[in-house]
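J.: The following block contains the structure, expressed as structure tokens.
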Amino acid sequence: MEVSMKNLSRQKKVTLFAFIVVAVCFLMNGTLLAQKTGSVFDVDDFLDIKIPSSIAWSPDGKHIAYQASGPKGSDIYLYSLEKGISKKLVSGIPYYDYLRASTEPEFRWTSDGKHIIYTTGQEYYTISLEGGEPQLLISGLLLGKMLRLSPDQKNVSFLRDGDIWVQSLAKGTPKRITQSQGFLTEDRQRFTRLYQGLQWSPDGSKIAYLSPTETSYKIGMVSIEGGETAWLITDEDIWSSITLAWSPDSQKIAVSRLSRDFTRKELEVYSISEDKVYTIWKDKDDKFVNYGNTPSFRVLWSPDSSRIAYLSNRDGWMHLYVANAEGKDARQLTKGDYDVFTYFWSVNQKEIFLISNKDRRHQRMIWSIPSNGGQMRQIIKREGICLARGCAIPSLSPDGKYLAYTFSGPNEPPGLWLSSISGKADSKNLYVSLPKKLRNKIETHMEPVSFKSSDGLVIPAVLLTAKNLSRKEKHPALVHMYGGWGQMALSGWGLGFKSIILNYLAQKGYVILFVDPRGSEGYGDDFVKAGYLEGGGKQVDDLAAGANYLKNLGYVEPEGIGIYGHSTGGFLTVQTMVQAPDVFAAGITQAGVYDWEIWKYSTYVYIRYGHPDKEPSLYRQRTPVYHVDKLKGALLVFKGTKDYNEPMSDTYKFVKALIKADKEFEFMVYPDEPHGLVKPETKRDFIKRAERFLDKYLRKKY
């Protein structure tokens, strides 16, 4: 067939015109999508977000040092109250790699108020408030693991060859002060199940510690000069975890203990001078007494060591109590249908400041209450949260007049704020967490919502979207949850990597629903204990109800709803997709558990999923690896090779089951990453890979 040059030229023009039309349409569509969602940024812009993680007042109260941390590392700033400005002292501190760290995170001033002490994970450094180069104080690479500086800043403790050692910062050689304790630190398993490092006495003369036995712990105290270890409190073979808290005068140690079956916890005080134990408080419950794997008393001594404050959920909500050091005159300070999450004493001991969700379940505001009892007073009156995982704990000035704290609201990313306790002066914003490229370019909108599960239980949640998201069009959506203890549905950002991921996706046009299924904290004992034997059971119904809620919004694509979770949330992602296979089009599971066989005799498992000996059918029903044949949606599986919480063998078994069942899935393994990702390059890859996966399976084809 012959084709004339004229016809060929015409065909080329037509083809070129068609290509241009397609290209222009594609570019216009991309531009419109960017305009609709505000997506004028990339993943690295979000990884540059740094949120206040530590706050420390100078001894004279004239300066506030604070550390801002994010996926790529952290910076240190100094705010002058006199000048009203902040300056950066240190930048580019490496991200904290908890898997390989030799030092515990610390941030404080030297006693003379001239330097700030901080850690990198391997070393302690000091930086002058005048700036200059940081100076190395001590290195864990030279000494050992789990370094901790003494309160008087004269010595450092560490673990080496299975024992506790002490090194003077001024001179001398390392001194071994315990013998044959057998602490294991290389895989951070046996030691970190203590949930607490070595505990220095405030005067720097002694160290209290927990020595693991085969099934429990012994509580020891040893002088830094060496000698025999004093074993405190009768050793009982029933405790799964213990935490210690020294009194400021170094004469007493508060001991919080949680039983292995989670039905009993006790708070006791050991008096060193009397060699006597005082029982302060006991809580019991037939199902479980505690929210989490450690005793949740969260003890704080009064500055004069005469009283002890603690939390208890005895009346059905987590409330604040105070007793004297002998356990007498115990009284409940807060009452009502709300929880107290953390607290701290005023300088004069007349008040206790606390963070609570009083009045609004999805918020965490700062209040105060007289330490002898009385009316609560709200200190910070805003809509949002003043406490989130990884964010700095509020810090009171040395004179007790000012409070430095992090705050994030429904439409406001986290920042550092300064407020007067009296409320007479305006609050001041000291730091904004968003990098300049993102400021005024992204806006979030968070809205507390709720819906009913299949049995009528009201499930709390928070809806997150870009503020300018069009409600006239359909958008993809993602349900996120944890499902163990904790509260995810909060009206503000957290420091965690998952918070950054989900806010990034929201700015890309996704509708995010944070769901707190039954068993979550913040809503009272009845809601928490509704999760008893319902992990992966009625919790699945709660999450499916969340998807139905999204479908009824009118601006969510019904066929474009996914689910994402980490750890227990990763388990729930898969369990929901196999038990309710028609609900979610796709799911992402990160470091999840797929076969409870590896944990089957731990209390954490059998109060949620049934005891393998007592409820074998229930236990098997709650183990998703046995039900992958029911899976319909696509699945993305993430796993780190150094995840000691959830062994690689469990994930491999699950992936083999997916292959055998011929299911649609993707699998990404990250070398040398633990349970929570730590390397910036890994986090970048995670977000990009997750976004591609979700776009492929959830986003409407434009």
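Position 476 of the sequence shown, counted from 1, bears residue number 476 in UniProt numbering, the numbering being contiguous throughout.
Ideal Cβ placement from N, Cα and C applies to all residues, glycine included.
In this text the structure is predicted, and so the values were computed from the model without any measurement.
For residue 638 and residue 629, what's the separation of their Cα atoms in angstroms?
T.: Each residue's Cα considered, the two are about 20 Å apart.
J.: Tell me, please, which residues DSSP counts as bridged to residue 562.
T.: DSSP output for residue 562 lists 478 and 586 as bridge partner(s).
J.: Going by DSSP, which residues form a beta bridge with residue 147?
T.: 103.
J.: Thinking just about the alpha-carbon of each residue, which of 632, 145 and 132 is nearest to the one in residue 98?
T.: Nearest option by C-alpha distance: 145.
J.: Rank 554, 422, 162 and 590 by C-alpha distance to the C-alpha of residue 481 and give the top, closest one.
T.: Nearest of 554, 422, 162 and 590 to residue 481, Cα basis: 590.
J.: Rounded to the nearest angstrom, what separates residue 514 and residue 548 at their Cα positions?
T.: In a straight line, the C-alpha of residue 514 is about 14 Å away from that of residue 548.
J.: By the DSSP assignment, the alpha helix (DSSP H) with residue 503 in it spans what residues?
T.: First-last of the alpha helix (DSSP H) with residue 503: 497–507.
J.: Which whole-angstrom value describes the C-beta separation of residue 713 and residue 198, a residue pair presumed to lie in contact below a C-beta threshold of 8 Å?
T.: Here the chain comprises residues numbered 1 to 702, so residue 713 is not present and cannot be evaluated.
J.: Going by C-alpha to C-alpha distance, which of 372, 391, 351 and 672 sits closest to residue 379?
T.: Residue 351 is the option with its Cα nearest to residue 379.
J.: Whole beta strand (DSSP E) runs in the segment 56–125 with 3 or more residues, listed along the chain?
T.: Listed in chain order, they are 63–70, 73–80, 85–93, 107–109 and 115–119.
J.: What is the DSSP secondary structure of residue 163, reduced to helix, strand or coil?
T.: DSSP places residue 163 in strand when its eight states are reduced to three.
J.: Taking only three categories from DSSP, how would you classify residue 300?
T.: Residue 300: strand per DSSP, three-state reduction.
J.: Give the DSSP-derived three-state secondary structure of residue 319 in the structure shown.
T.: Strand at residue 319.
J.: Rounded to the nearest angstrom, what separates residue 474 and residue 685 at their Cα positions?
T.: When rounded, the distance between both Cα atoms is 28 Å.
J.: Determine, using beta carbons only, whether residue 710 and residue 501 come nearer to each other than 8 Å.
T.: No answer is possible for residue 710: it lies beyond the span of the chain, which begins at 1 and ends at 702.
J.: Could you tell me the distance, in whole angstroms, from the CA atom of residue 717 to the CA atom of residue 247?
T.: Because the chain in this structure spans residues 1 to 702, residue 717 falls outside the shown range and cannot be described.
J.: Report yes or no: do the segment 99–110 and the segment 83–91 share at least 3 C-beta pairs separated by less than 8 Å?
T.: With a cut-off of 8 Å, the segment 83–91 and the segment 99–110 do not count as touching, because too few Cβ pairs lie within range.
J.: Check this for me: beta carbons of residue 74 and residue 93, under 8 Å apart or not?
T.: Contact flag set, yes.
J.: Starting from the C-beta of residue 443, find all residues in its chain whose C-beta is less than 8 Å away, skip the five residues before and the five after it, and write them out in chain order.
T.: Excluding positions up to five away in sequence, the list reads 38, 411, 466, 467 and 468.
J.: Between which two residues does the beta strand (DSSP E) harbouring residue 545 extend?
T.: Unbroken run through residue 545 is the alpha helix (DSSP H), 538–551; no beta strand (DSSP E).
J.: In this structure, how does DSSP classify residue 699 when only helix, strand and coil are distinguished?
T.: DSSP places residue 699 in coil when its eight states are reduced to three.
J.: On the CB-based measure, 16 or more other CB atoms within 10 Å of its CB, does residue 643 come out buried or exposed?
T.: Answer is buried; the Cβ neighbour count reaches 16.
J.: Please classify residue 358: is it buried, with 16 or more other beta-carbons within 10 angstroms of its beta-carbon, or exposed?
T.: When all chains shown are included, residue 358 counts as buried.
J.: How long is the line joining the alpha carbons of residue 692 and residue 505, rounded to whole angstroms?
T.: Their Cα atoms are separated by approximately 11 Å.
J.: Alpha carbon to alpha carbon, what distance is there between residue 508 and residue 112?
T.: Going by the C-alpha atoms only, they are around 49 Å apart.
J.: Could you give the residue range of the beta strand (DSSP E) that holds residue 705?
T.: Given a span of 1 to 702 for the chain in the structure shown, any question on residue 705 remains unanswerable.
J.: For residue 666, which option in 346, 680, 694 and 382 has the closest C-alpha, if you only look at C-alpha atoms?
T.: When only C-alpha atoms are compared, the closest one is 694.
J.: Please confirm whether residue 134 and residue 124 have their CB atoms less than 8 Å apart.
T.: It is not a contact, given that the beta carbons lie outside the stated cut-off.
J.: DSSP three-state label for residue 445, please.
T.: Looking at residue 445 - three-state DSSP - the assignment turns out to be strand.
J.: For residue 560 versus residue 699, is the C-beta spacing smaller than 8 Å?
T.: It is a contact, given that the beta carbons lie within the stated cut-off.
J.: Residue 207 and residue 273 - do their beta-carbons sit closer together than 8 Å?
T.: No, these two residues do not count as a Cβ contact at 8 Å.
J.: Provide the residue span of the alpha helix (DSSP H) that contains residue 579, from first to last.
T.: Run containing residue 579: 568–579, per the alpha helix (DSSP H) assignment.
J.: Quick one: give me the first and last residue of the beta strand (DSSP E) that residue 636 is part of.
T.: Counting along the chain, the beta strand (DSSP E) containing residue 636 begins and ends at 634–640.
J.: Per DSSP, what are the beta-bridge partners of residue 493 in this structure?
T.: In DSSP, residue 493 forms no bridge with anything.
J.: According to DSSP, simplified to helix, strand and coil, what is residue 466?
T.: It is a strand residue.
J.: If you draw a straight line from the alpha carbon of residue 528 to that of residue 138, how long is it in whole angstroms?
T.: Those two C-alpha atoms are separated by around 44 Å.
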